[in-house]
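Chemist: Next up is a structure, given as structure tokens.
Residue numbers (the working numbering), protein chains in the order written: chain A, 1348 to 1806; chain B, 1348 to 1806.
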């Protein structure tokens, strides 16, 4: 067997204990929040039929899907002619010949596939949360990986606006539990977009507004304005619209927008926004964290109602969450009439934000409660008894195995963030005691083995 | 966009809420046990460089590894000649040309790759646990999937037999926590194999014994005997050996085996077995669950010392766990001198066993504590206040969104295994009360909204 110098696949990373501790801390908080709101856990396989994924993410997306090579003699049916055609078209026509499966690219499409397949047996509204990795053949760069986690919660099979309000409440609760203080849930409604597009005179309908508007933060008002002009907007209407946009942080933007659009055109989205707001207040949500924001567009074209996005003001970072109402998602699999609404937590960015704000509590790195150390072979069985007694009491214990150098055991405990060291020498073995050292405080106390577990029982 | 009738990739499955509840129940118990013994969480990416995996699992294994097609114009460098050669060799020579990455096939090799890459910065002995899916292009059949979970715990960088004893203790504790009563941890030591092979007169050394012996349970003694004869064993020695095997359930097999081998030849493995046993007793392990078993071989050729396997006697099932000591695993990546020992839990089989023995407690399916139901729109805000108050107290609440049919809400709660229904009608809204229905007991009680959360606070 040839020895290869080992390396990671490009754009991937190992999750060592520290990174795992951080991710678990975040995921546990999110999971508790999901469960508290009645969402059930759910997972799909890493691989899907290629046909399930193709065409759902646009042309660029199709390119970035990782395809799995068929097993066995996969070239058996491929002709020379097909090979030569593929050589000429940049391998494009070859993929379907040698690959039938692909890796999950997001959580939404496989979930829609599941709902379409199981609609007869599901208990609607079906509320699920899903926290799984996805894979994209993007060019790797700092902070962008080819394998990363997505965390989604969706309600499917209900049109009730209660869910919009509850998902916003969930956002506020979860981000507060994670320790974020200064964040905003931006809220808009896609139903404003068709009347705005009409008033502007855009021929391409609502998506002709959504796509340029989605870039506003990045490219600035002038560029968006120019694009909208090109798309057929009238100058006067555009000026009025951008005047509104410029004031979009004022508290009465909603009223201003509705005034500009006219009561009739704005009636439906306005009523929805107001009902969501009323429900948020009834749910005692801290509405200082929620803001109507007419500049919010969300790029994806499947949104049809309320849309949301979460931004933090404590560090420079794109959105750390987003989502909205969609009416036709399972339609791609031939199942109509199932409206859904969902939110996503940007796990990787949340980890970066929490890192920068130092929001991870120190205890998450503790491997266990105590490291038991014995000086020589003759105390080995006494040490084992101490270990056994602690574990029987539910205490997390590691038993040091690497000889009689106390210094090494200290270093080992420190590297694993184990807060206590229980030291057993000749004297301790004889008197059935241990010397318990608190590593952070540097204090040490001799105590009976039988008393030891009480030091670690959580209040 | 063409509409495809959705289906799962062959050999894969969705994990709906019930399956997830079961898997989480098992994984939480395993994870608690791992942590209690000082193991740290660890994960590797789903994809590895193909060169990392190739040649580690034998020829059959190489075939079963899922390869990922390169992105972009992956045929760009492939010549017509190469295509034709591959057509002739069953596509074998093509794979390396169009694929550089592959899916994780087990947890062991990627872990060895990680240790080899990071040996300079790890705190040895490095104890990690890992619970992740692996993928194999096996022919799917009942109970065999192409995606399934493995759960491993390993200690690497220590030769101490404490770890053997602790891992056996961990096995006993974890399986008991899962609710299994009648199981055995079979223990043997690979160091017996070279002297046995020598005494039998096998020319092929210890693996010439291990490979046939590993099949003993499946094919029976006569077949194994015939194979060993063919491999050069002497008839007399073989008779003696099979006499021992036939008595291998007696309590003094170890002494008999050592007697047959001779004290000198048996000295090292005997001393190791005895020390492990002494440590098990000192660790207060229920040794009625542990048995020396000279018929245990473990097929994999990388084991070098203690080997273990767990079998349950309550249902017919292969082993539900296994592992052992290995000395050269990181050697495949050019890093020698790191001895390790590890155990694996057969997650899928454990789930089957627990299913058959009905060991899953009913509460694991509860979506949340209570479903709040209001009869009409006018009670909506009161219902929201009840929901908010419960959640503020930490209670898991779902707020029913699908109208005023109590019967539908009942059915919904039952399908989600929600144990309580909090009903709010006109009267309740007026008096700030709720009617709390216990669905299992069929009882109902009117209580003040302010008292409600106390019903759900865990003792």
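All C-beta atoms in this analysis are idealised placements derived from N, C-alpha and C, irrespective of residue type, glycine included. Since we're looking at a predicted model, the values are computed, not measured.
1. Helix or strand or just coil, what does DSSP make of residue 1559(A)?
2. Give a yes or no on whether the C-beta atoms belonging to residue 1376(A) and residue 1525(A) are separated by under 8 Å.
3. If you compare alpha carbons, which of 1696(A), 1621(A), 1366(A) is closest to residue 1665(A)?
4. Taking 8 Å as the threshold (C-beta atoms), are residue 1656(A) and residue 1491(A) in contact?
5. According to a CB-to-CB cut-off of less than 7 Å, which residues of the region 1505 to 1516 of chain A neighbour chain B?
6. Which chain B residues are close to residue 1481(A), counting only those with a beta carbon under 7 Å from its beta carbon?
7. Taking the alpha-carbon positions, what's the residue 1820(A) to residue 1494(B) distance?
8. For a cutoff of 8 Å on Cβ pairs, would you count residue 1807(A) as touching chain B?
9. For residue 1574(A) and chain B, any beta-carbon pair shorter than 8 Å?
10. Anything in the region 1676 to 1699 of chain A with a Cβ closer than 7 Å to a Cβ of chain B? List those residues in chain order, please.
11. Report all residues from its chain with a CB closer than 8 Å to the CB of residue 1506(A); omit the five preceding and five following residues, and keep chain order.
12. Would you decide whether residue 1435(B) is buried or exposed? Buried here means 16 or more other CB atoms lie within 10 Å of its CB.
13. Just the Cα atoms here: how many angstroms apart are residue 1760(A) and residue 1780(A)?
14. Give me, in chain order, the residues of the same chain whose beta-carbon lies closer than 8 Å to that of residue 1627(A); leave out the 5 immediate sequence neighbours on both sides.
15. Using only the alpha-carbon positions, how far apart do residue 1777(B) and residue 1465(A) sit?
16. Can you find the residues in the same chain that come closer than 8 Å, C-beta to C-beta, to residue 1608(A), ignoring five residues on each side of it along the sequence?
17. For residue 1518(B), write down the residues that DSSP places opposite it in a beta bridge.
18. Residue 1540(B) CB to nearest chain A CB: under 8 Å?
19. Go through its chain and collect everything with a Cβ distance to residue 1591(B)'s Cβ below 8 Å, but skip five positions before and after it.
20. To test your reading of the DSSP string, which unbroken beta strand (DSSP E) runs of 3 or more residues are found completely within the region 1504 to 1555 of chain A?
21. Please name the residues in the region 1744 to 1759 of chain A whose beta-carbon is closer than 9 Å to at least one beta-carbon of chain B, in chain order.
22. Could you give the residue range of the alpha helix (DSSP H) that holds residue 1432(B)?
23. To the nearest angstrom, report how far apart residue 1555(A) and residue 1575(A) are at their CA atoms.
24. Taking Cβ positions only, does residue 1390(A) come closer than 8 Å to chain B?
25. Check the Cβ of residue 1667(A) against every Cβ in chain B and list those closer than 8 Å, keeping chain order.
26. Around the Cβ of residue 1766(B), are there at least 16 other Cβ atoms within 10 angstroms (buried) or fewer (exposed)?
27. Residue 1360(A) versus chain B: which residues are under 7 Å apart at the beta carbon?
28. If you count every other CB in all the chains shown that lies within 10 Å of the CB of residue 1427(A), and 16 or more means buried, which is it?
29. What are the uninterrupted segments assigned as alpha helix (DSSP H) that are 4 or more residues long and contained completely in the region 1696 to 1742 of chain A, given in chain order?
30. Give the interface partners of residue 1363(B) over in chain A, defined as CB-CB distance under 7 Å, in chain order.
31. Restricting to runs no shorter than 4 residues, where is the alpha helix (DSSP H) found entirely within the region 1639 to 1675 of chain B?
32. Since residue 1767(A) is in the beta strand (DSSP E), which residue starts that stretch and which ends it?
33. Please state whether DSSP places residue 1465(B) in a helix, a strand or coil.
34. DSSP on residue 1489(B), reduced to helix/strand/coil?
35. Taking just the CA atoms, how far does residue 1401(B) sit from residue 1407(B)?
36. Cα-Cα, which of 1740(A), 1726(A), 1737(A), 1801(A) is closest to residue 1773(A)?
Modeler: Reading off the structure:
1. Helix.
2. In this structure, the beta-carbon distance from residue 1376(A) to residue 1525(A) falls below 8 Å.
3. Of the listed residues, the one whose Cα sits closest to residue 1665(A) is 1696(A).
4. Taking 8 Å as the cut-off, the beta carbon of residue 1491(A) is found no closer than this to the beta carbon of residue 1656(A).
5. Per Cβ criterion, the list reads 1505, 1507, 1509, 1510, 1513.
6. Correct list: empty, because the minimum Cβ distance to chain B is about 10 Å.
7. Nothing about residue 1820(A) can be reported from this structure: the residues present for chain A run from 1348 to 1806 only.
8. The requested residue 1807(A) does not occur in the structure, where chain A is confined to residues 1348 to 1806.
9. No, residue 1574(A) does not count as interfacial toward chain B.
10. Under the 7 Å Cβ criterion, the region 1676 to 1699 of chain A contributes 1679, 1680, 1681.
11. Hits under 8 Å: 1686.
12. Answer is exposed; the Cβ neighbour count stays below 16.
13. Inter-residue distance for residue 1760(A) and residue 1780(A) is about 20 Å (C-alpha atoms, whole angstroms).
14. Within the same chain, 1512, 1515, 1516, 1634, 1637 come within 8 Å of residue 1627(A) by CB-CB distance, once the 5 residues on both sides are set aside.
15. Cα to Cα, residue 1777(B) sits roughly 41 Å from residue 1465(A).
16. Around residue 1608(A): 1539, 1542, 1543, 1546.
17. Its beta-bridge partners do not exist; DSSP assigns none.
18. No, residue 1540(B) does not count as interfacial toward chain A.
19. Excluding sequence neighbours, residue 1591(B) sits near 1600, 1603, 1604, 1607, 1641.
20. Whole beta strand (DSSP E) segments, 3+ residues: 1530 to 1536.
21. The residues in question are 1744, 1745, 1746, 1747, 1748, 1749, 1750, 1758, 1759.
22. Note, residue 1432(B): alpha helix (DSSP H), 1427 to 1435.
23. Cα-Cα distance, rounded: 8 Å.
24. Against chain B, the CB of residue 1390(A) has a partner CB under 8 Å away; the residue lies at that interface.
25. The premise fails here: residue 1667(A) is roughly 22 Å from chain B at the closest Cβ pair, so nothing lies under 8 Å.
26. Counting Cβ neighbours within 10 Å, residue 1766(B) comes out buried, since at least 16 surround it.
27. Those are 1392, listed as they occur along chain B.
28. So residue 1427(A) ends up on the exposed side.
29. Counting whole runs of 4 or more residues, the region 1696 to 1742 of chain A contains the alpha helix (DSSP H) stretches 1727 to 1739.
30. Chain A residues near residue 1363(B): 1389.
31. For the region 1639 to 1675 of chain B, not a single whole alpha helix (DSSP H) run of length 4 or above is found.
32. The continuous beta strand (DSSP E) containing residue 1767(A) extends over residues 1767 to 1771.
33. Correct three-state label for residue 1465(B): helix.
34. In the displayed model, residue 1489(B) falls within coil according to three-state DSSP, outside both helix and strand.
35. Looking at the backbone, the Cα of residue 1407(B) and that of residue 1401(B) are separated by about 11 Å.
36. The candidate whose alpha carbon is nearest that of residue 1773(A) is 1726(A).
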